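Novice:
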Amino acid sequence: MNNEVNYGVIPCAGKGTRFLPITKGIAKEMLNIIDRPTIDYIVDELIDSGIKNIVFVISLNKDEIKKYYSEDKELINDLIKNHKEEYVKSIKNLSTKANFHYVIQYEQLGLGHAVLQAKDIIKNNNFVVCCGDDITLYKGKSPISELIEAFKLTNSTIVGGQKVSHDKINKYGAMDILNEVNEGLFKLKGIVEKPSLETAPSDFASLGKWVFKPNIFEELEHTPKGKGNEIQLTDAIASLIKKEDVYFKTFTGKRYDCGDKLGFLEAIIDVALSRDDLKDDFYKLIKSKI
Ligand code: UTP
-1 MNNEVNYGVI PCAGKGTRFL PITKGIAKEM LNIIDRPTID YIVDELIDSG IKNIVFVISL
59 NKDEIKKYYS EDKELINDLI KNHKEEYVKS IKNLSTKANF HYVIQYEQLG LGHAVLQAKD
119 IIKNNNFVVC CGDDITLYKG KSPISELIEA FKLTNSTIVG GQKVSHDKIN KYGAMDILNE
179 VNEGLFKLKG IVEKPSLETA PSDFASLGKW VFKPNIFEEL EHTPKGKGNE IQLTDAIASL
239 IKKEDVYFKT FTGKRYDCGD KLGFLEAIID VALSRDDLKD DFYKLIKSKI
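Note that the sequence shown ends on residue 288 in our numbering; no numbers are left out.
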């Protein structure tokens, strides 16, 4: 079986309710972490992991994502004319750094339904899914590469995540683990979307990154609406676990939920503190405020 992974899918068609009112006019995936949209950090992690084909699942009114990754010759010429070459560098490669595809999710029926919309583009390929509002900062090997390695090792679907504190597990898909087969690699018995703290099978949480084979589409096509009246990706994975081996892999790096206000603020602070052009002055600024 072909175990290459060359496609990435980024669902960004959600309603962004937790970020209203700004999401009335702007997709939350386009909200900026300093001078780049959230989604661009995910795109760069995919590229850093060897993924060259990226599919955005967008809603009808999210054209700004398409615009961001399009070539803008007029802007480039204008910057050159005005001797602002340093800015040209930051936008020149945006449209060519990967092959970008767009597919529309007309109705916001959930994350599972959003992934299903990519079926005709993905066809018979394996693919990574990354939530459009989840970024991970890392040094060295990318978290997605760690998941792809686990996929190649097991030839099976991989759910990526980390252990979270017990009081937070009710916000995520929780792993029901059969056994640990390798360091940080667990065979799954089940997976439960947003369990109660009392019934959570473990504190290992699914954190917005997966590697799938195309057979996930068959599961998604037969997945009824679940929690929140949405077609849940977790439910499709739970159904797959009954038929074949599925694994959970812990990834390294610090993950931020940018769909949540505090998570988003923390991402901005940590990115600022990691950038050579900003860290010293930003550190002084933060210190002066505390
Ligand atoms: P979330 O549940 O965090 O997104 O989905 P949301 O629905 O926009 O959030 P709130 O609760 O209303 O604030 C995780 C990812 O899945 C995408 C979102 O855009 C986000 O990147 N998603 C979710 C879709 O593409 N379509 C959907 O129908 C739901």
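Don't be surprised by glycine CBs; every beta carbon is placed ideally from N, CA and C. Since the model is a prediction, treat every value here as computed from it, not as a measurement.
With DSSP as the reference, label S143 as helix, strand or coil.
Specialist: Taking the sequence shown and counting its residues from 1, the one referred to as residue 143 is at position 145. The answer is helix: DSSP assigns S143 an H, G or I state.
Novice: Let's test the definition: count the other Cβ atoms within 10 Å of the Cβ of Y5 and tell me whether it reaches 16, buried, or not, exposed.
Specialist: For the purposes of this step, residue 5 is taken as residue 7 along the sequence shown, with counting starting at 1. It is buried - the Cβ of Y5 has at least 16 other Cβ atoms within 10 Å.
Novice: Quick one: does the C-beta of E62 sit closer than 8 Å to a heavy atom of ligand 1?
Specialist: Residue 62 sits at position 64 when you count from the first residue of the sequence shown. Answer for E62: no, Cβ out of range of ligand 1.
Novice: Between which two residues does the alpha helix (DSSP H) holding N75 run?
Specialist: Within the sequence shown, the letter at position 77 stands for residue 75. Where N75 is concerned, the enclosing alpha helix (DSSP H) stretches over K71 to K79.
Novice: Would DSSP call V113 helix, strand or coil?
Specialist: For the purposes of this step, residue 113 is identified with residue 115 of the sequence shown, where counting begins at 1. Here V113 sits in helix by DSSP.
Novice: DSSP three-state call for I167: helix, strand or coil?
Specialist: Position 169 of the sequence shown, counted from the first residue, corresponds to residue 167. In this structure, I167 counts as helix in the three-state DSSP scheme.
Novice: From what residue to what residue does the alpha helix (DSSP H) around G14 run?
Specialist: Start at 1 with the first residue of the sequence shown, and residue 14 comes out as number 16. Careful: G14 lies outside any alpha helix (DSSP H) and carries neither H nor E.
Novice: In whole angstroms, what separates the C-alpha of F149 from that of Y66?
Specialist: The residue labelled residue 149 in the question sits at position 151 within the sequence shown. The residue labelled residue 66 in the question sits at position 68 within the sequence shown. So the two alpha carbons sit approximately 31 Å from each other.
Novice: Do you know how far the Cα of A265 is from the Cα of S272?
Specialist: Numbered from its first residue, the sequence shown carries residue 272 at position 274. Numbered from its first residue, the sequence shown carries residue 265 at position 267. When rounded, the distance between both Cα atoms is 11 Å.
Novice: Under three-state DSSP, which class holds F249?
Specialist: On the sequence shown, position 251 is the one that residue 249 refers to. In the structure shown, F249 sits in coil (DSSP, three-state: anything other than H, G, I, E or B).
Novice: In terms of residue numbering, what span does the alpha helix (DSSP H) encompassing S272 cover?
Specialist: Position 274 of the sequence shown holds residue 272. Element bounds for S272: K259 to S272.
Novice: For K87, count neighbouring Cβ atoms within 10 angstroms of its own Cβ and tell me buried if that reaches 16, exposed if not.
Specialist: Along the sequence shown, one-based indexing puts residue 87 at 89. K87 comes out exposed.
Novice: S163 and V244 - do their beta-carbons sit closer together than 9 Å?
Specialist: For the purposes of this step, residue 244 is taken as the residue at position 246 of the sequence shown. For the purposes of this step, residue 163 is taken as the residue at position 165 of the sequence shown. Not a contact, by the Cβ cut-off of 9 Å.
Novice: Straight-line CA distance for D42 to K22?
Specialist: Here residue 42 corresponds to residue number 44 of the sequence shown, with the count starting at 1. Here residue 22 corresponds to residue number 24 of the sequence shown, with the count starting at 1. Approximately 26 Å, taken between the alpha carbons.
Novice: For T221 and A234, what's the separation of their Cα atoms in angstroms?
Specialist: Here residue 221 refers to the residue found at position 223 of the sequence shown. Here residue 234 refers to the residue found at position 236 of the sequence shown. So the two alpha carbons sit approximately 6 Å from each other.
Novice: Just the C-alpha distance for N239 and L135, rounded to the nearest angstrom, thanks.
Specialist: In the sequence shown, the residue the question calls residue 239 occupies position 241. In the sequence shown, the residue the question calls residue 135 occupies position 137. For clarity, residue 239 is Ile in the given sequence; the question names Asn instead. Between I239 and L135, the C-alpha separation is close to 30 Å.
Novice: Is the stretch 51 to 63 touching the stretch 95 to 115 in the sense that three or more CB pairs, one from each, lie closer than 8 Å?
Specialist: Verdict: yes, contact present.
Novice: Any heavy atom of ligand 1 closer than 8 Å to the CB of A11?
Specialist: In the sequence shown, residue 11 corresponds to position 13, counting from 1. True, at least one ligand heavy atom lies under 8 Å from that Cβ.
Novice: Beta-carbon separation of K192 and N177 under 9 Å?
Specialist: Indexing the sequence shown from 1 puts residue 192 at position 194. Indexing the sequence shown from 1 puts residue 177 at position 179. For K192 and N177, no; Cβs fall outside 9 Å.
Novice: Going straight from the alpha carbon of Y104 to that of Y281, what length do you get?
Specialist: On the sequence shown, residue 104 is found 106 positions in, with the first residue counted as 1. On the sequence shown, residue 281 is found 283 positions in, with the first residue counted as 1. Whole-angstrom Cα-Cα distance: 43 Å.
Novice: Count the C-beta pairs between the stretch 126 to 144 and the stretch 27 to 37 that are closer than 8 Å, then say yes if the count reaches three, no if not.
Specialist: Cβ pair count under 8 Å is three or more, so yes.
Novice: Report, in whole angstroms, the separation of the C-beta atoms of A116 and V209, which I expect to be a contact under 8 Å.
Specialist: On the sequence shown, residue 116 is found 118 positions in, with the first residue counted as 1. On the sequence shown, residue 209 is found 211 positions in, with the first residue counted as 1. That pair is no contact at about 14 Å.
Novice: Using 8 Å for Cβ pairs, my map puts I32 next to A270. What's the rounded Cβ distance?
Specialist: To locate residue 32, count along the sequence shown from 1; it is residue 34. To locate residue 270, count along the sequence shown from 1; it is residue 272. I32 to A270, Cβ: 6 Å. Contact.
Novice: Straight-line CA distance for D165 to S194?
Specialist: Position 167 of the sequence shown, counted from the start, is the residue given in the question as residue 165. Position 196 of the sequence shown, counted from the start, is the residue given in the question as residue 194. C-alpha separation (whole angstroms): 10 Å.
Novice: Quick one: grab the DSSP three-state call for T155.
Specialist: Here residue 155 refers to the residue found at position 157 when the sequence shown is read from its first residue. It is a strand residue.
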